[in-house]
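Protein chains in written order, with the numbering used here: chain A, 8 to 264; chain B, 143 to 427.
No residue lacks a Cβ here, since even glycine has one placed at the ideal position from N, Cα and C.
All values reported here derive from a predicted model rather than from experimental measurement.
Each remark here refers to the structure printed beneath this line.
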């Protein structure tokens with residue numbers, strides 16, 4: 008029993024300690040963001056690495072998700088003679104929920120894991136120490152550009168996911184199943200509000216971008232600098248990011264809609 | 143002994159370490175370390191694995207902080223410097239990591255140019271000249287366009303040396319520069335370290351396990367073990383040391399003051415008392 012309590016206590020102390028380190032790390036990283044005004048090229052490079060390189064998987068996934076949504080919506084709505092509302096269902100589901108959430112999960116798996124692995128390996132191969140000894144602050148040169156790039160890239164990717172999803176829904180709903188094209192677009196336009204639907208979806212994307220980038224960069228910088236340590240940190244990034252996205256999505260949805 | 147806050151500087155000492163204490167968790171690494179690194183010389187720090195030699199270099203560079211005691215570099219107490227002051231000091235210190243620590247997304251040329259691009263607004267033509275001069279000095283002018291992954295271990299360390307030199311530092315710290323090198327690479331590195339120190343008037347501080355090679359170019363050597371200095375002096379003075387421990391270490395004898403066997407109960411008793419291969423070490427009788 009004492010052993011169990013000791014282990015339980017140690018686990019909690021470790022968790023609180025890690026959370027404290029992660030918060031201090033975040034504050035330090037936020038403080039370093041100003042340096043990017045002097046070196047915007049660092050941000051552009053990371054936007055390419057985390058944003059552009061994730062685009063293909065996001066677009067392909069978005070297309071298929073939109074197609075599946077249209078198919079399921081059509082099969083259900085046709086029983087009520089409401090198949091013209093396929094566009095509404097596809098668009099609202101995408102911009103409110105699936106766009107930011109699925110993009111967030113894909114981003115964590117593709118860009119987040121890559122960030123953790125890259126920074127973890129930089130630590131393991133003493134590149135971060137090397138920068139420090141060259142009087143170059145890794146927070147300014149390595150962490151801040153990646154953080155801001157992830158924060159900005161995720162909402163943009165989520166918007167593209169939703170846009171291609173709507174096109175996927177059109178491909179199946181209109182071109183294959185025969186829903187009227189003008190009804191698809193007009194019903195969607197009537198039911199979708201730019202501020203409360205598209206806007207809130209973008210806010211979700213920003214929140215997920217913030218959290219995923221924070222987790223990914225912290226895990227990389229805090230990992231044990233061995234191959235096993237980097238591997239564990241990469242796994243933790245994907246697991247923690249995914250759980251954080253799903254949990255935060257529930258909270259945000261409860262507040263927003 | 144001088145106070146930990148002040149450096150007794152007659153100009154001959156570049157790095158002064160006084161009463162240094164440092165622990166990792168509950169394990170003490172240094173417990174009252176005192177070392178003077180002479181200016182303009184090649185100094186080697188040697189000691190058994192796990193003694194904290196690399197840790198010491200990191201503490202001199204301000205990457206780790208002492209729990210007690212002081213480290214002064216060129217009159218500045220490293221542990222008390224603000225971040226900006228520490229970075230200014232680091233611009234005058236070069237460090238050669240065991241792995242080279244080259245940035246893997248940049249070419250050799252860009253790696254060497256990196257400190258110049260970060261800290262100066264020099265025109266591109268001047269940067270190019272400075273980088274090529276340093277690369278020529280280490281024999282890698284022809285490898286300027288290669289990426290770090292295309293370099294051998296020895297070449298990576300030479301490229302890292304060129305990068306460490308590009309800012310004309312007052313001192314360079316070498317962390318195990320000869321580990322895993324073939325005889326030719328080792329010879330090249332030895333020659334480079336010696337030549338660079340003499341030609342540029344640097345202070346070199348080296349941590350190495352390769353005693354013969356390291357001592358051959360050293361003016362001064364310090365042996366540390368279990369957190370304190372065991373012996374210090376010129377390589378000749380160390381060689382003639384009367385300490386059995388120093389002799390065992392310098393000549394790599396397997397047994398001596400550092401026993402071959404890890405402390406264990408009596409061998410015969412241990413064998414007789416063993417059940418199913420599980421030793422009864424620690425069981426009171």
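Could you name the residues of chain A that residue i contacts, counting a contact when the two beta carbons are closer than 7 Å?
i, result
"residue 239 (chain B)", "133, 136 and 137"
"residue 229 (chain B)", "142"
"residue 243 (chain B)", "132, 133, 134, 136 and 137"
"residue 257 (chain B)", "141"
Using a Cβ cut-off of 7 Å, pull out every chain B residue sitting near residue i, in sequence order please.
i, result
"residue 143 (chain A)", "260"
Residue i versus chain A: which residues are under 8 Å apart at the beta carbon?
i, result
"residue 284 (chain B)", "Result: empty, since nearest Cβ-Cβ is about 24 Å, beyond 8 Å."
"residue 276 (chain B)", "Within chain A, no residue comes near residue 276 (chain B); the closest Cβ sits about 14 Å away, beyond 8 Å."
"residue 232 (chain B)", "139, 140, 141 and 142"
"residue 432 (chain B)", "Lying before the first or after the last residue shown, residue 432 (chain B) is absent from chain B, which here runs from 143 to 427."
DSSP three-state label for residue i, please.
i, result
"residue 208 (chain B)", "coil"
"residue 20 (chain A)", "helix"
"residue 373 (chain B)", "strand"
"residue 180 (chain B)", "strand"
"residue 196 (chain A)", "helix"
"residue 15 (chain A)", "helix"
"residue 263 (chain A)", "helix"
"residue 160 (chain B)", "strand"
"residue 30 (chain A)", "helix"
"residue 224 (chain B)", "coil"
"residue 258 (chain A)", "helix"
"residue 170 (chain B)", "strand"
"residue 414 (chain B)", "helix"
"residue 261 (chain B)", "helix"
"residue 356 (chain B)", "helix"
"residue 345 (chain B)", "strand"
"residue 155 (chain B)", "strand"
Report the option in the options whose CA atom is closest to the CA atom of residue i.
i, options, result
"residue 216 (chain B)", "B:199, B:235, B:198 and B:305", "B:235"
"residue 180 (chain B)", "B:393, B:154, B:413 and B:245", "B:154"
"residue 148 (chain A)", "A:171, A:71 and A:50", "A:50"
"residue 95 (chain A)", "A:263, A:213 and A:176", "A:176"
"residue 115 (chain A)", "A:263, A:124 and A:219", "A:219"
"residue 42 (chain A)", "A:121, A:108, A:20 and A:143", "A:143"
"residue 30 (chain A)", "A:241, A:236 and A:229", "A:229"
"residue 58 (chain A)", "A:12, A:24 and A:121", "A:121"
"residue 171 (chain A)", "A:67, A:21 and A:235", "A:67"
"residue 139 (chain A)", "B:212, B:350, B:401 and B:260", "B:260"
"residue 62 (chain A)", "A:181, A:113, A:12 and A:262", "A:113"
"residue 93 (chain A)", "A:185, A:231, A:223 and A:225", "A:185"
"residue 171 (chain B)", "B:189, B:182, B:286 and B:183", "B:189"
"residue 183 (chain B)", "B:337, B:392 and B:398", "B:337"
"residue 169 (chain B)", "B:354, B:192, B:280 and B:292", "B:192"
List the residues of chain E whose Cβ lies closer than 8 Å to the Cβ of residue i, in chain order.
i, result
"residue 224 (chain B)", "The displayed structure is made up of protein chains A and B, and chain E is not among them."
Is there at least one non-hydrogen atom of the ligand PLP closer than 8 Å to the beta-carbon of residue i?
i, result
"residue 70 (chain A)", "Here there are no bound small molecules, and the ligand PLP is not part of this structure."
task: Can you check the region 112–194 of chain A for any alpha helix (DSSP H) of at least 4 residues that lies completely inside it and give the ranges in chain order?
output: 120–131, 134–140 and 151–177
message: What are the residues in the region 381–409 of chain B lying within 7 Å of chain A by C-beta distance?
response: none
task: List in chain order: all unbroken beta strand (DSSP E) runs of 3+ residues lying wholly within the region 268–332 of chain B.
output: 313–317
query: Which full runs of the alpha helix (DSSP H) of 4+ residues lie inside the region 21–86 of chain A, going along the chain?
result: 47–53 and 60–84
- prompt: What residues from the region 29–61 of chain A come within 8 Å of chain B, judged by C-beta to C-beta, listed N to C?
  reply: none
query: Which whole runs of the alpha helix (DSSP H) in the region 373–407 of chain B are 4 residues long or more, in chain order?
result: 377–381 and 386–393
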